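Novice: The structure's right below; bear with me while I get my questions together.
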Amino acid sequence: MRQILPVPDPITSYWLSEPHDLSNFRSTPKLPTECDIVIIGSGMAGITVAYHLLQDNESPPHIVIVEARQLCSGATARNGGHAKIKTNTLTSLIPSLGKDIDVLQSYVHGVMDGLKQIVEEEELNCEFELRRSFDVQLVREDSQRLKKIYDESRKAGHKWTKNTAYIEERFVEQVTSIKGATSAFIVPACSFWPYKFVTQLLARLLSRHPDTLNLQTTTPITSVTSTKDGFNLVHTERGIIKTPKVVFATNAYTAGILPQFKDIITPVRGMASHIVPSLPVHPHLSNTYNIDFGLEKGVDYLNPRPDGGIVVGGGKWMFIKDRNSWYNNFDDSVRFPLEVHEYWRSYMQRNFLGWEDSKAEIESTWVGIMGITKDEWPFVGRVPGEKGRWMLAGFNGGGMAMILTAAKAVAKMVRTDCEFEDAAKELGVPVFFRASEDRMKGLRDGR
1 MRQILPVPDP
11 ITSYWLSEPH
21 DLSNFRSTPK
31 LPTECDIVII
41 GSGMAGITVA
51 YHLLQDNESP
61 PHIVIVEARQ
71 LCSGATARNG
81 GHAKIKTNTL
91 TSLIPSLGKD
101 IDVLQSYVHG
111 VMDGLKQIVE
121 EEELNCEFEL
131 RRSFDVQLVR
141 EDSQRLKKIY
151 DESRKAGHKW
161 TKNTAYIEER
171 FVEQVTSIKG
181 ATSAFIVPAC
191 SFWPYKFVTQ
201 LLARLLSRHP
211 DTLNLQTTTP
221 ITSVTSTKDG
231 FNLVHTERGI
241 IKTPKVVFAT
251 NAYTAGILPQ
261 FKDIITPVRG
271 MASHIVPSLP
281 VHPHLSNTYN
291 IDFGLEKGVD
301 YLNPRPDGGI
311 VVGGGKWMFI
321 KDRNSWYNNF
331 DDSVRFPLEV
341 HEYWRSYMQR
351 NFLGWEDSKA
361 EIESTWVGIM
371 GITKDEWPFV
381 GRVPGEKGRW
391 MLAGFNGGGM
401 AMILTAAKAV
411 AKMVRTDCEF
421 EDAAKELGVP
431 VFFRASEDRM
441 KGLRDGR
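Residues 1 to 447 (full-length UniProt numbering) are what the sequence shown spells out, left to right.
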């Protein structure tokens with residue numbers, strides 16, 4: 001099997017329709033041969049690690065950010081532009097986590113607060129909005145099951161219910177505009193243009209640290225090896241960088257350069273679309289959505305844009321039986337077959353009240369590569385068993401809701417050489433995010 005690396009010519013997504021000037025930027029014509037820290041990956045994970053490494057640092061380290069393709073051209077530029085934690089995610093975790101689901105919800109809300117803070121402090125123009133989001137059920141049995149769990153959790157004092165409200169069936173179509181809805185929960189969320197967030201933030205960092213921060217795009221990494229004296233050698237197609245510290249912000253591509261993560265973090269393909277109404281639709285949709293069509297189909301996500309367009313993703317049941325088309329597949333240069341992408345045609349007219357005469361049409365469709373783990377949690381912290389290497393990867397399609405605080409924790413570990421437990425306790429990172437040899441062994445053994 002070929003090495004798991006980003007393919008050179010990915011499909012352009014809606015989020016990449018306004019490319020940044022730094023898209024193909026290299027701070028220096030030649031690749032640096034040495035530096036203090038190499039960050040592999042220039043998406044949300046890589047750039048926010050760089051941000052926290054440099055924030056309030058009187059002696060900023062020399063950092064090289066290495067990106068295989070154009071700046072921020074991976075999952076961050078192919079997702080839903082949406083951060084939240086779904087109600088059915090929380091309820092499904094009660095048997096395994098118990099009240100730790102309160103920790104998880106608090107963590108996600110902290111990520112949203114952190115995104116807002118950076119947007120405001122750095123004056124990023126990325127259409128950031130704090131919103132409410134509907135978790136909508138279309139199957140009555142699912143509604144009854146979730147309502148029962150919600151009531152039990154509320155009576156038991158679970159904190160997650162304090163930020164969640166239930167909408168009963170007699171009102172739910174009117175409130176959510178979803179045809180056939182049988183119930184919904186309304187929860188906090190934020191939406192934004194992730195590509196603009198990342199590229200504008202990096203532009204500010206490069207302007208602030210021209211002598212110590214170096215970006216190298218279109219520079220695929222082939223391997224990372226170690227020297228006898230404890231340094232890392234980052235091998236690229238343009239040369240080798242020697243460094244004491246490496247951060248792997250590589251998500252779905254992690255196993256390509258950390259082979260021990262084969263079958264631990266697996267690349268999977270997903271699809272999304274941008275739908276545009278030909279005529280104005282009123283009222284304008286102002287909430288984001290997760291629409292649960294039931295066990296046989298699954299959940300779609302929907303993010304209305306400020307200009308009236310809609311980003312919609314999911315539709316997994318359209319391709320799930322063709323396992324080779326999505327599982328362990330990291331090719332984002334090829335769309336799913338036409339009949340799969342046709343799922344998005346008339347999507348808004350089929351599912352939303354008031355959109356029947358909108359003449360909404362597909363503006364674009366694309367695919368993206370997610371990194372999934374068998375226990376559904378990311379790997380954050382030191383690369384198990386390796387010196388001078390840290391990671392944050394395997395976000396299971398939920399990176400926008402998970403990355404920012406994890407990046408801050410990794411930056412703290414790199415800066416101070418502290419352990420995961422110290423950073424996690426200070427920042428509220430769930431302990432089950434920790435990268436460890438025992439966790440890896442458990443996943444291999446099916447535990």
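Ideal placement from N, C-alpha and C gives every residue a C-beta, glycine not left out. Every value quoted in this text rests on a predicted model; they were computed, and no experiment measured them.
CA-CA distance, residue 154 and residue 162?
Specialist: 8 Å
Novice: Would you call the CB atoms of residue 236 and residue 25 closer than 7 Å?
Specialist: no
Novice: From the DSSP output, in three-state form, read off residue 233 for me.
Specialist: DSSP places residue 233 in strand when its eight states are reduced to three.
Novice: When DSSP labels each residue in this structure, what does residue 129 get in the three-state scheme?
Specialist: When secondary structure is reduced to three states using DSSP, residue 129 falls in the strand class.
Novice: Between the stretch 351 to 362 and the stretch 176 to 186, are three or more C-beta pairs nearer than 8 Å?
Specialist: yes
Novice: Which of helix, strand or coil does DSSP assign to residue 217?
Specialist: coil
Novice: Exposed or buried, residue 293, counting other C-beta atoms within 10 Å across all chains shown (16 or more means buried)?
Specialist: Per the 10 Å Cβ criterion, buried.
Novice: Please determine, among 340, 261 and 247, the residue with the shortest C-alpha to C-alpha distance to residue 407.
Specialist: 247
Novice: Consult DSSP for residue 6 and reduce its assignment to one of helix, strand or coil.
Specialist: coil
Novice: Where residue 302 and residue 342 are concerned, what is the direct C-alpha to C-alpha distance, given to the nearest angstrom?
Specialist: 17 Å
Novice: Rounded to whole angstroms, what is the Cα-Cα separation between residue 402 and residue 410?
Specialist: 13 Å
Novice: I'd like to confirm the pairing. Which residues does DSSP put opposite residue 455 in its beta bridges?
Specialist: It is not possible to answer for residue 455, since the shown part of the chain is limited to 1 through 447.
Novice: Mind listing, in chain order, the continuous alpha helix (DSSP H) runs of no fewer than 4 residues lying wholly within the stretch 283 to 346?
Specialist: DSSP runs (the alpha helix (DSSP H)) wholly in the stretch 283 to 346: 338 to 341.
Novice: Which word fits residue 57, buried or exposed, when buried means at least 16 other C-beta atoms lie within 10 angstroms of its C-beta?
Specialist: Exposed, since its Cβ has fewer than 16 Cβ neighbours within 10 Å.
Novice: Could you compute how far the alpha carbon of residue 398 sits from the alpha carbon of residue 358?
Specialist: Taking the Cα positions, residue 398 is about 31 Å away from residue 358.
Novice: If we define contact as Cβ-Cβ less than 7 Å, is residue 385 a contact residue for chain D?
Specialist: The chain inventory of the structure shown lacks chain D, comprising one protein chain alone.
Novice: Taking the alpha carbon of residue 71 as the point to measure from, which residue in 191, 81, 95 and 219 has its own alpha carbon closest?
Specialist: Looking at the Cα atoms, 219 is the closest of the given residues.
Novice: Is it the case that the Cβ atoms of residue 257 and residue 223 are separated by a distance below 7 Å?
Specialist: yes
Novice: Could you name the residues that DSSP lists as bridge partners for residue 361?
Specialist: 276
Novice: Express the C-alpha separation of residue 400 and residue 309 in angstroms, rounding to a whole number.
Specialist: 20 Å
Novice: With a 10 Å radius around its C-beta and 16 neighbouring C-beta atoms as the bar for buried, classify residue 434 as buried or exposed.
Specialist: Taking all protein chains shown into account, residue 434 has 16 or more neighbouring C-beta atoms within 10 Å of its C-beta and is therefore buried.
Novice: How long is the line joining the alpha carbons of residue 86 and residue 396, rounded to whole angstroms?
Specialist: 14 Å
Novice: If you reduce the DSSP assignment to three classes, tell me which class residue 135 lands in.
Specialist: Note: residue 135 maps to strand in three-state DSSP.
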